[in-house]
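*Asks:*
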Amino acid sequence: MTIPGTRAGFPAPIDRAAMGPAGPAVSMRGVRVSFPLPGTSLFGRGGRRMTAVDGVDLDLYQGEALGLVGESGCGKTTLGRVLVGQVTPDAGELAVDGEALARKRSRDERRRVQMVFQDPMSSLNPRLQIGQVLAELLRVHHMVPDKDIGRRTGELLAAVGLPERFRDTLPGLLSGGQRQRVSIARALALEPQVLVADEITSALDVSIQAQVLALLLDLKARLGLTMLFISHNLAVVRQVCERVAVMYLGRIVEIGPTDTVFADPQHPYTRLLLSSIPRLDGAPIDPPDSGEAVGSGGAGDARGCRFAPRCPLAQPVCREDDPALYGPDDRHVSACHFSFGRTADGTTQKGHQ
Amino acid sequence: MGTVGTVGTVSRAIVEPGAVTTRRVRLFARARRSPWALRIGLGIVTIYLAVAVFAPWLAPYDPLAQDVMHSLAPPSAEHLLGTDSLGRDLLSRLIYGARIDLLLGAAATGLALILGTVLGLLAGYFRGWVDLVLSRLVDMMMAIPAYPLLVLLLFLLGQGTGSIILAFAVTGWVSYARLTRGQVMVVREQDYVVAARLGALGNLRVMARHVLPNVTTQVIVLWASDIVLAISAIAALGYLGIGIQAPTPEWGVMVADGQGFLLTNWMLATVPGLVIVVLGVGLALISDSLAARGGRR
Amino acid sequence: MMRPSPGSTGAATTASLLSVQDLTVSYPGPDGPVVLVQDVGFELGRGSALGLVGESGSGKTMTLRALVGLVPPKMAVTGSVRLDGEELVGRPERVLGRIRGRRIAMVPQDPMAALNPIRHVGSQLVEGCRLHLGMSRSAARKRAAEYLQRVGLPDAGQVMGRYPHQLSGGMRQRVMIAMALLTEPDIVLCDEPTTALDVTIQAQILRLLHSACADVGAAMVFVSHDLAVVRQVCHDVAVMYAGRIAETGPVAATFADPRHGYTASLLRSLPDVDAPREPRAIPGEPPDPRRPPAGCRFHPRCPYRITGCEELPFRLAAIGDGRRSACIHGETGLPEPTIAPAAIDSAAIDSAAIDSGAIDSAAADAQSASGDAAASPGGPAGASGPLTREGSR
Chain A
80 MTIPGTRAGF
90 PAPIDRAAMG
100 PAGPAVSMRG
110 VRVSFPLPGT
120 SLFGRGGRRM
130 TAVDGVDLDL
140 YQGEALGLVG
150 ESGCGKTTLG
160 RVLVGQVTPD
170 AGELAVDGEA
180 LARKRSRDER
190 RRVQMVFQDP
200 MSSLNPRLQI
210 GQVLAELLRV
220 HHMVPDKDIG
230 RRTGELLAAV
240 GLPERFRDTL
250 PGLLSGGQRQ
260 RVSIARALAL
270 EPQVLVADEI
280 TSALDVSIQA
290 QVLALLLDLK
300 ARLGLTMLFI
310 SHNLAVVRQV
320 CERVAVMYLG
330 RIVEIGPTDT
340 VFADPQHPYT
350 RLLLSSIPRL
360 DGAPIDPPDS
370 GEAVGSGGAG
380 DARGCRFAPR
390 CPLAQPVCRE
400 DDPALYGPDD
410 RHVSACHFSF
420 GRTADGTTQK
430 GHQ
Chain B
60 MGTVGTVGTV
70 SRAIVEPGAV
80 TTRRVRLFAR
90 ARRSPWALRI
100 GLGIVTIYLA
110 VAVFAPWLAP
120 YDPLAQDVMH
130 SLAPPSAEHL
140 LGTDSLGRDL
150 LSRLIYGARI
160 DLLLGAAATG
170 LALILGTVLG
180 LLAGYFRGWV
190 DLVLSRLVDM
200 MMAIPAYPLL
210 VLLLFLLGQG
220 TGSIILAFAV
230 TGWVSYARLT
240 RGQVMVVREQ
250 DYVVAARLGA
260 LGNLRVMARH
270 VLPNVTTQVI
280 VLWASDIVLA
290 ISAIAALGYL
300 GIGIQAPTPE
310 WGVMVADGQG
320 FLLTNWMLAT
330 VPGLVIVVLG
340 VGLALISDSL
350 AARGGRR
Chain C
12 MMRPSPGSTG
22 AATTASLLSV
32 QDLTVSYPGP
42 DGPVVLVQDV
52 GFELGRGSAL
62 GLVGESGSGK
72 TMTLRALVGL
82 VPPKMAVTGS
92 VRLDGEELVG
102 RPERVLGRIR
112 GRRIAMVPQD
122 PMAALNPIRH
132 VGSQLVEGCR
142 LHLGMSRSAA
152 RKRAAEYLQR
162 VGLPDAGQVM
172 GRYPHQLSGG
182 MRQRVMIAMA
192 LLTEPDIVLC
202 DEPTTALDVT
212 IQAQILRLLH
222 SACADVGAAM
232 VFVSHDLAVV
242 RQVCHDVAVM
252 YAGRIAETGP
262 VAATFADPRH
272 GYTASLLRSL
282 PDVDAPREPR
292 AIPGEPPDPR
302 RPPAGCRFHP
312 RCPYRITGCE
322 ELPFRLAAIG
332 DGRRSACIHG
342 ETGLPEPTIA
352 PAAIDSAAID
362 SAAIDSGAID
372 SAAADAQSAS
382 GDAAASPGGP
392 AGASGPLTRE
402 GSR
């Protein structure tokens, strides 16, 4: 299946009808990633490992932005890197548009998933002009006939709100916000199906962040982009994403439509996150004193719910039984024994379906 | 830096590490970064290069032409710096010597640079067994003292410029490889390199266009100081009678030859020595300036 | 749990602990002095907390450092900073050194940079006690342990024996707070102390800062780019832009009813976790300190701009209720935005940054400004066809 090539003008919206069966655009199953801890033997396998992602199933639907939130060490960045192909998981399957991606991706497979990075200062080669960076990608993938490369580069820059003049500029002369736009243009140059945005506004000033988010929303609407939006900032995720997944210590603990999850969180960790965020109206933030995340290496040892040590609702069952993601319908699920009004004996309280 | 901690103690260290310096250090640092350092260095090296290039027009005599009748003559109108034991004009030999030393210094280190940089690039980029093999090789080479190895190689390879270049390449590649490997390992993790690889750009292209250009600054700095050392080494080897054969004019050999006449014609040994030193200073000024600026990028 | 009680305001009161006037920080540039902080003034009462908010280039961090003379050597500081009536600007390092740590302490953004990595945390705390309070070693150890417990590290003995890298980010920051408080200073300066922390840890640290300062009776100057954090912790706020204070006042009133174009624009550009909202970007970028715009420094980017703004001397005027604003609308309140963001004058933005490097960025911002300010609820212009300049929206 090929992506439409050089139509008049870019960007052209993706033709959904030509996309194939209406399954999820991206499907991840059983993804597990671990890294060797320093101090392990020279030849790898013998030593201790740290589990970054511990069995994640995730679907992304065509045209949606899925937010992936969590604090440091939760594995969201690693998961993003698995999707993009930079990190090879220890286990798990990954499919884009129903076609499984090989471990070692082909050029065409790589083109389908592109990434925009967090740090504007290191995301562009300081020695190459912007135009050269874009042209190189266009040329190597034969996106357009060689004679059209200049024109296409201009169109890409215009799509992210930068003047054509910037083609000949070195990144050193650009501001952080402008560099992020260039990064977005670079990611779009290959007309990917999926865009992974890894904390793309975290290093920007608030007012610039708003510009970049507005741009992203605009592009998403026009191009029908599917996006995995990784962020630790829940407010930003609220603006951008239709669905959100909350990660904790390598697992997804809650996932559902953003409005629903934020308005009525079903996992204690989600509630903790939301209640910890300072609000502009000065409502006092009063999360229960919850300590810090237990080390993320203990994936193998813990039997019960990972969040139990910090959880205000923890019961004996939580320490025995690792809860699976559950929800009355499959749209909003949570990995907690007491989500959706369930009680310890499995019955459901009134008020929840 | 002293202790850090409460604001009352070395408070500057919290906000600006390195701001606590002595006056002398600060002056010195400023001198290094002064544009004059670079200008003087470049000026010196340019003059030497010009002399080397225009040697046939500048030198009054053929450096190999002997005139035993007028050997060991003091400076005069005909021979501005006098003649050596075989009646050859010292000035002409100095001028032509520039060709030998500069060319040799640059070529010998240049080959080492190319060899070392390529190996370091491959090791740093691919890691894995390539890196393993290379690192062990580097360790081995570093365990062997450089100069004795150099001398040994030159004995084996025989006299002549080709042997010198080869011998230096074999002993010199190690520093470039280590430096490049370290830099490459850092650059490789930068987002723009990751982006290039995600764009399926092919390893060769990524290495050539994205990684290598961003590690060259440090390599050039190393090269500049390496040339200084190489020229000194060549001169020293010439002094020891290894490497360059007579009658080729080489500054080191000239110092050696002139040693016996220090009390009578002291210029025969000292002037070539001074010439070496000044070139060394020029190159050092350049590399120092580059190093001082390199951090600013 | 963190409702702060109102403290001092912008007006000078006799009980001011810290009185800052006309504080200016500049460094010599090729074409004359480049001013990073200009004529900053505020009052800080005993036990109250003042927030300094702004984005990069606002000068907030430099202001904080200038309060205690911690600016880089080549910078010049003029103006007045009075601690209990005692002038600090221009005093010799020796005198300032004694004041720092003893009467004014600092909690920095990155504890790893402030803690000596090869010494135990305990020894650094002890050193502080001995240096500033002249205590004996054993007395200092006891005090250090006591303060570690107060900041929520009950295992004080164990923590003291650890190296900084063996502690988590949150714990390190608690150590820094303990270090700052154990001399019972009059003022604690906080430089983005929670920016590097996860949000749940941030919540704990903010609460700690607030209660610990209250316990010790210390006043606080809290620098942050995060308005919501400042809202939680501070009584008063000073909003800074391009080296100057745009407005000051009690934090609740200032955020609920902003009286400066910048404050309002900034508030509107913030995403809200409780409600989905179209982010209203501020077009353009902050000005180059070498070539600030004439008049109000924010006017080229301001949607409330009217004629007169480009000549307005950027000076704070009292507007009642202990608030001050440098905006032309300060007293009367902000009108409806008079200029749609898409129509912000690109020429004005261009003129704000003329040197070779910045001219491209400024012009680009003008174009991107017209393209990106998400003012049109009707959605983007047509998707297919050759791309037209976004400014045609």
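Chains as they are written, first to last, in my numbering: chain A, 80 to 432; chain B, 60 to 356; chain C, 12 to 404. Where a beta carbon is used, it is the ideal one built from N, C-alpha and C, also for glycine.
(1) With 8 Å set as the bound, which would you pick, yes or no: does the beta-carbon of residue 258 of chain B sit closer than that to a beta-carbon of chain A?
(2) Among C/76, C/57, C/143, which residue has its Cα nearest to the Cα of residue 35 of chain C?
(3) Does DSSP put residue 399 of chain A in a helix, in a strand, or in coil?
(4) With contact counted as at least three CB pairs below 8 Å, one residue from each stretch, are the stretch 95 to 104 of chain B and the stretch 332 to 347 of chain B in contact?
(5) Should the stretch 322 to 334 of chain A be called in touch with the stretch 136 to 150 of chain A, which here means at least 3 C-beta pairs below 8 Å?
(6) Is it true that the CB of residue 163 of chain A sits closer than 8 Å to the CB of residue 275 of chain A?
(7) Give the list of continuous beta strand (DSSP E) stretches no shorter than 3 residues that lie fully inside the stretch 80 to 153 of chain B.
(8) Going by alpha carbons, who is nearest to residue 152 of chain B out of B/327, B/200, B/351?
(9) Answer with yes or no whether the minimum CB distance from residue 296 of chain C to chain A is below 8 Å.
(10) By DSSP, does residue 414 of chain A sit in helix, in strand, or in coil?
(11) Contact check, residue 10 of chain B vs residue 239 of chain B under 8 Å by CB: the rounded distance?
(12) Interface residues of chain A around residue 250 of chain B at Cβ under 7 Å?
(13) Should residue 280 of chain C be flagged as near chain A, meaning a C-beta pair shorter than 8 Å?
(14) Identify the residues that DSSP records as bridge partners of residue 183 of chain B: which are they?
(15) Indicate whether residue 271 of chain A and residue 203 of chain A have their beta-carbon atoms separated by less than 8 Å.
(16) Of the choices C/167, C/45, C/42, C/63, whose alpha-carbon is the least far from that of residue 237 of chain C?
(17) Starting from residue 74 of chain C, trace the alpha helix (DSSP H) both ways and give me its first and last residue.
(18) With H, G and I counted as helix, E and B as strand and the rest as coil, what does DSSP make of residue 162 of chain C?
(19) Which two residues bound the contiguous alpha helix (DSSP H) that contains residue 350 of chain A?
(20) Drop a sphere of 10 angstroms on the beta-carbon of residue 4 of chain C, count the other beta-carbons inside from all chains shown, and report buried for 16 or more, exposed for fewer.
(21) Rounded to a whole number of angstroms, what is the C-alpha to C-alpha distance between residue 303 of chain A and residue 356 of chain A?
(22) Looking at chain A, is there any beta carbon in it that lies within less than 8 Å of the beta carbon of residue 214 of chain C?
(23) Answer with buried or exposed for residue 155 of chain A, where buried requires no fewer than 16 other C-beta atoms within 10 angstroms of its C-beta.
(24) With a threshold of 7 Å, establish whether the CB of residue 396 of chain A neighbours any heavy atom of the ligand ADP.
(25) Out of B/349, B/233, B/253, state which residue places its alpha-carbon closest to the alpha-carbon of residue 357 of chain B.
(26) Would a C-beta distance cut-off of 8 Å place residue 142 of chain C and residue 175 of chain C closer than the cut-off?
(27) Roughly how many angstroms lie between the CA atoms of residue 209 of chain A and residue 102 of chain A, to the nearest whole one?
(28) What would DSSP say about residue 114 of chain A, mapped onto helix, strand or coil?
(29) List, in order along the chain, the chain B residues whose C-beta lies closer than 8 Å to that of residue 165 of chain A?
(30) Specify the secondary structure class of residue 344 of chain B as computed by DSSP and reduced to three states.
(31) When the Cβ atoms of the stretch 312 to 323 of chain B are set against those of the stretch 228 to 248 of chain B, are three or more pairs found closer than 8 Å?
(32) Would residue 262 of chain B pass as an interface residue toward chain A - the criterion being a Cβ-Cβ separation below 8 Å?
(33) To be precise: take each residue of the stretch 222 to 239 of chain C, compare its Cβ to all Cβ atoms of chain A, and keep it if any distance is under 9 Å. Which residues remain?
(34) Tell me the DSSP bridge mates of residue 252 of chain C?
(35) How close, in whole Å, do the beta carbons of residue 106 of chain A and residue 131 of chain A come, if the pair is a contact with beta carbons under 8 Å?
(36) Name the DSSP beta bridge partners of residue 93 of chain C, please?
*Replies:* This is what the structure holds:
(1) With 8 Å as the cut-off, residue 258 of chain B counts as an interface residue toward chain A.
(2) C/76
(3) helix
(4) Cβ pair count under 8 Å is three or more, so yes.
(5) Output reads yes: the stretch 136 to 150 of chain A touches the stretch 322 to 334 of chain A.
(6) yes
(7) none
(8) B/327
(9) yes
(10) coil
(11) No answer is possible for residue 10 of chain B: the residues shown for chain B start at 60 and end at 356.
(12) 196, 198, 201, 202
(13) yes
(14) Answer is none; residue 183 of chain B lacks a bridge partner.
(15) no
(16) C/63
(17) 71 to 78
(18) DSSP places residue 162 of chain C in coil when its eight states are reduced to three.
(19) 347 to 355
(20) Past the edges of chain C, shown from 12 to 404, lies residue 4 of chain C, and the structure says nothing about it.
(21) 31 Å
(22) yes
(23) Counting other Cβ atoms within 10 Å of its Cβ, residue 155 of chain A reaches 16 or more and is therefore classed as buried.
(24) For the structure depicted, the ligand ADP is absent and the ligand set is empty, with no information on it obtainable.
(25) Given a span of 60 to 356 for chain B in the structure shown, any question on residue 357 of chain B remains unanswerable.
(26) no
(27) 36 Å
(28) strand
(29) 253, 256, 257
(30) helix
(31) As far as the Cβ criterion goes, the stretch 312 to 323 of chain B does not touch the stretch 228 to 248 of chain B, which means the pair count is below three.
(32) So no, residue 262 of chain B is outside the interface.
(33) Of all residues in the stretch 222 to 239 of chain C, 236, 237, 238, 239 have a Cβ within less than 9 Å of some Cβ in chain A.
(34) C/255
(35) Contact flag wrong, Cβ pair sits at about 20 Å.
(36) Residue 93 of chain C pairs with C/30, C/98.
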